[in-house]
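Residues in the sequence shown are numbered from 275 upward in steps of one, following the numbering used here. For reference, the structure discussed in these notes is given below.
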Amino acid sequence: MTPTPWLVVPAAGQGKRMGADRPKQYLDLAGEPLLRHTLRRLHAAFPEARCVICLDDDDRWFRNAWMPFAHWQRVSGGAERMDSVLNGLHAMAADANDPVLVHDVARPCVMPNDLQALYQATLESASGALLAMPVADTMKRDNGDGASFRTECRDGLWHALTPQGFRHGLLLRALTQAQRSGALVTDEASAIEALGLAPRLVSARRDNIKVTHPGDLGLAAAILSAQAGEIHKAESGHEIALAATRS
């Protein structure tokens with residue numbers, strides 16, 4: 275029997291680079307808060323999952339009605355992403371071997387197929403897994419003064435995306451060790467790597483963008499619009515296949 279995943283969604287950031295009057299997860303994206311799109315995508319892939327959302331204690335924007343999961347809890351966010359995820363891990367009633375997927379709240383365009391592929395890799399790999407995509411562009415190293423210093427070889431380089439998935443006990447140990455050592459990890463995989471382990475890279479779609487700057491909202495809206503037709507077509511094909519098996 276395939277275990278039900280736990281989901282951790284760090285959403286305590288202030289998104290100051292957006293220059294808005296509210297955290298970026300609450301900015302309008304195609305008529306709804308960005309956060310709601312992200313939660314809806316996760317729910318589409320894992321409707322039975324248990325979700326832990328990490329919010330700032332002073333957050334006045336979040337609405338319970340936006341949460342599509344039947345089983346969920348709100349926990350306090352921390353000063354850094356790592357602290358928020360640790361709070362979530364401590365709060366959940368999970369066993370050491372339970373799979374946990376951590377997803378950026380600012381990635382609303384992740385597709386269900388990629389989510390399922392990442393989850394399967396998480397179950398199969400003792401070191402966990404993360405969505406990622408190979409670097410396609412020429413990579414430059416600057417000289418510290420805004421000028422190109424040299425071209426870096428892009429062979430073997432990947433962009434790390436989310437979700438990232440690990441067993442609860444392993445992720446808790448890795449992040450706790452990073453916190454105690456004073457290391458500032460920017461994603462969960464880097465904490466796992468610090469233990470000498472190698473999480474599996476799961477090749478993902480390039481439209482799984484992270485909304486960081488104001489212009490990203492328009493791009494995300496265009497991607498969601500394009501994906502809507504793709505998702506509808508896939509769902510229609512699935513319904514036709516089910517009907518054929520029943521006839």
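Here a beta-carbon is modelled for each residue, glycine too, at the ideal position from N, C-alpha and C.
- At the C-beta level, V485 and A380 come within 8 Å of one another.
- Between V376 and T278, the alpha-carbon positions lie close to 14 Å from each other.
- For P408, the beta-bridge partners assigned by DSSP are W432.
- Secondary structure at K484: coil, using DSSP grouped into helix, strand and coil.
- Contact annotation: M413 and T425 have beta-carbon atoms nearer than 8 Å.
- The C-alpha of I497 lies about 26 Å from the C-alpha of R428.
- Nearest in C-alpha terms to A367, of all of H442, L301, R296, S401, is H442.
- Considered as a whole, the segment 315-339 harbours 324-329 as its complete beta strand (DSSP E) runs of no fewer than 3 residues, in chain order.
- Per the C-alpha coordinates, the member of G305, E322, R324, Q299 positioned closest to T312 is Q299.
- Nearest to R480 by C-alpha distance, out of A434, G492, L458, is A434.
- Between Q347 and the set R324, A353, D369, E354, the nearest pair of CA atoms involves R324.
- Only residues of its own chain outside the window of five on either side were considered, and among them V282, V326, C328, V349 have a CB closer than 6 Å to the CB of G362, listed in chain order.
- Of the other Cβ atoms in all chains shown, 16 or more fall within 10 Å of the Cβ of G402; this residue is therefore buried.
- DSSP places P284 within a strand segment (E or B) once states are collapsed to three.
- Following the DSSP letters along the chain, one finds H442 inside the alpha helix (DSSP H) bounded by residues 442-455.
- Taking L397 as the centre and dropping the five residues before and after it, the same chain places the C-beta of T276, P277, P373 closer than 8 Å to its C-beta, in chain order.
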